[in-house]
Each structure stands twice: as C-alpha cells, then as structure tokens.
Amino acid sequence: MTSQSPTILVFDSGLGGLTVFREIVPLRPDARFVYAADDAGFPYGRLSESELSDRVVSVMGSLIDAHRPDLVVIACNTASTLVLTRLRERFSVPFVGTVPAIKPACAASQTRLVSVLGTEATVTREYTRKLIADFGQGCDVTLVGSRRLAVLAEALLRGEMVDDADIFDEIAPCFVERDGLRTDTVVMACTHYPLLDAQFARVAPWPVTLVDPAPAIARRVVDLLGPSKPGAAPEAGRMVFTSAQPPSSELAQALHKFQLLC
Ligand code: DGL
C-alpha cells in the first residue's frame with residue numbers, strides 16, 4: 004500500500020465499531036477516516052444469515068463507491084463471522100475483520116473456564132465454533148448470546164439511563180463455577196460491549212479479564228497500510244449513517260468526543 008494519507012472506512016451495524024475506531028486513530032493519525040454505521044439495519048444480531056449477508060454486501064458496495072477507501076475495517080463480529088469471505092471475493096479493497104478473540108483468551112485463562120459473549124447470531128455461527136475447535140486449547144468454552152446488550156450500549160452512549168440489573172441479566176450466564184473453579188476470562192465478541200466495560204466490572208459476580216480485540220485489529224491495519232507519517236495530528240473523521248437520519252444532539256456530542264463529525 005503506497006498511499007501517503009489513506010482513507011480508512013470503519014464499518015459496523017451501529018456505534019459499537021467506535022471501540023475499534025478509537026484504537027486505530029492513534030496509530031494512523033494521518034489517515035482520512037470515514038465511520039459508517041448501518042443504523043438502518045441495526046441490530047444485526049437479529050437478522051437471518053442470508054438477510055445479513057446480502058445487506059452487508061449491498062451497503063458496502065455503496066460505501067466503497069461513495070468514499071473510495073484504501074482499506075475497510077469490518078468492526079462487527081456479527082458481520083465478520085458471516086460475510087468476510089464474500090466481501091473479499093466481491094471487492095478488491097483489503098478488508099480487516101473483527102472475530103471473537105478466542106485464541107488469546109484461551110491462552111491466557113488460568114482456570115481454563117472461558118466465556119464468549121456476543122450477539123445471539125455470532126455465538127451460533129459455524130465460524131465461531133470452528134475458532135473454538137481450532138484455538139480453544141482444551142479450555143471449557145461457554146457461548147453466551149445476548150439479545151439486548153448492543154442496544155443497551157447504544158442507549159448509554161446516547162446518554163440514556165441503563166439499569167445495572169438489565170446488564171447483569173445479560174452477562175450472568177458468562178459466570179460459571181465448576182469443580183471449585185470459576186470463569187476467569189470473558190471474550191467481548193461484539194464491538195458494542197467495550198462501551199459497557201465499566202458496567203460489566205460493576206455488576207460482575209467476581210472479577211474476570213475482559214478480552215477486547217480492538218488493539219490487535221488496529222495493529223493489523225498498520226501491518227497492511229504501514230505506519231503513519233511522522234508528526235501527523237488527527238483531523239476529525241466523517242460519520243455516516245445509512246438511515247440518513249440526523250443524530251440527536253446527545254449523540255452528536257458523544258461522536259464529537261470520538262473526533263467524528265456528522
Ligand atoms: N457490533 C456488532 C458486533 O460486533 C453487532 C451488534 C448488532 O448489530 O447486533 O457483533
């Protein structure tokens with residue numbers, strides 16, 4: 004990749020990909036960033052595989068035409084575990100995906116009890132099951148599909164009240180006790196969930212390591228595009244919503260903190 008100031012498109016169903024975006028910006032402050040939220044299709048966790056696959060290919064076609072990115076980050080596990088191969092076949096731009104960080108989580112677990120918390124769709128994917136078979140390293144892996152956490156994460160980002168009890172209900176099945184041992188590692192297999200890490204830590208029945216793949220994804224972007232030009236300062240990126248609805252003032256303010264302008 005030779006472009007001096009590449010355009011990087013970061014894509015998610017909604018606002019979860021911001022947790023990946025915020026790790027990439029400091030490593031490539033010279034890049035032009037476009038963050039695209041397919042809010043018209045949110046939440047992806049509730050779409051069937053064929054609906055989601057067709058939707059992502061079609062939305063991506065329009066985004067690539069409009070923004071001509073040098074690299075696309077699919078900052079969404081629900082999409083990446085299903086449609087990455089199809090995207091790579093269809094478009095020539097390089098794609099970096101986000102898939103459950105099962106390998107590092109299982110390598111780090113002391114108790115060998117690991118949970119994978121994702122959307123209901125991500126935890127039932129063949130792709131996720133294969134990651135466990137290939138990289139589970141003998142750990143006892145519990146798959147936990149959450150129906151509501153991505154929506155709760157977006158509500159919190161918009162400044163709405165989110166009840167700790169609602170979060171607890173969603174994450175409780177991650178906490179397993181077996182033969183005197185407890186789960187010590189939880190893979191955040193949805194990019195929305197790091198937006199809730201303070202809440203997770205507060206309601207967790209015992210402390211666990213929460214594994215967020217975002218720093219590794221940012222490093223992968225640099226592997227592909229090369230390092231930043233020295234001395235570059237980040238400029239605000241562009242925020243795009245597929246619904247074309249203007250964001251509320253609370254959301255625009257939150258996006259401003261991520262250095263994104265609508
Ligand atoms: N942020 C997404 C993920 O990483 C998807 C959330 C959703 O749209 O259901 O899986």
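In our numbering, the protein residues as written are 4 to 265. C-beta atoms are modelled at their ideal positions from N, C-alpha and C, and glycine is treated no differently. Small disclaimer: the values here were computed from a predicted structure and weren't measured.
Bounds of the alpha helix (DSSP H) holding Thr-84 are 80 to 93. By the Cβ rule, the region 216 to 224 counts as touching the region 18 to 33, because three or more pairs are nearer than 8 Å.
Note that the C-beta distance between Asp-33 and Lys-232 is below 9 Å. The shortest C-alpha to C-alpha distance from Ser-251 to any of Asp-169, Ser-149, Ala-158 is the one to Ala-158. Between Thr-10 and Asp-57, the C-beta gap is not smaller than 9 Å, which leaves the two residues out of contact. Distances from the alpha-carbon of Val-13 to those of Asp-137, Val-96, Leu-55 put Val-96 closest. When C-beta atoms of the region 175 to 189 are compared with those of the region 113 to 128, three or more pairs fall below 8 Å, so the two segments count as touching. Close CB contacts of Leu-254 within its chain, under the 6 Å cut and outside five residues either way in sequence, are with Arg-161 (chain order). Take Cys-177, set aside five residues on each side of it, and the residues of its chain with a beta-carbon closer than 8 Å to its own are Ser-118, Leu-120, Thr-145, Val-147, Thr-186, Val-189, Val-211, in chain order. By the CB criterion at 9 Å, Gly-240 and Val-28 fall inside the cutoff. Leu-18 counts as buried, since no fewer than 16 other beta carbons sit within 10 angstroms of its beta carbon.
Listed as beta-bridge partners of Phe-244 by DSSP are Ala-40. Phe-14: member of the beta strand (DSSP E) spanning 10 to 15, first to last residue. Under the three-state reduction of DSSP, Phe-171 is assigned to helix. Residue state for Leu-30 is assigned as coil, using DSSP reduced to three classes.
Judged by DSSP in its simplified three-state form, Ser-118 adopts strand.
Collapsing the DSSP output to three states places Ser-252 in a helix. Between Asp-172 and Cys-109, the alpha-carbon positions lie close to 24 Å from each other. Judged by beta-carbon spacing, Arg-150 lies beyond the 9 Å limit of Gly-44, meaning their Cβ atoms are not closer than that value.
If you check the C-beta of Asp-15 against the ligand DGL, you find a heavy atom less than 8 Å away.
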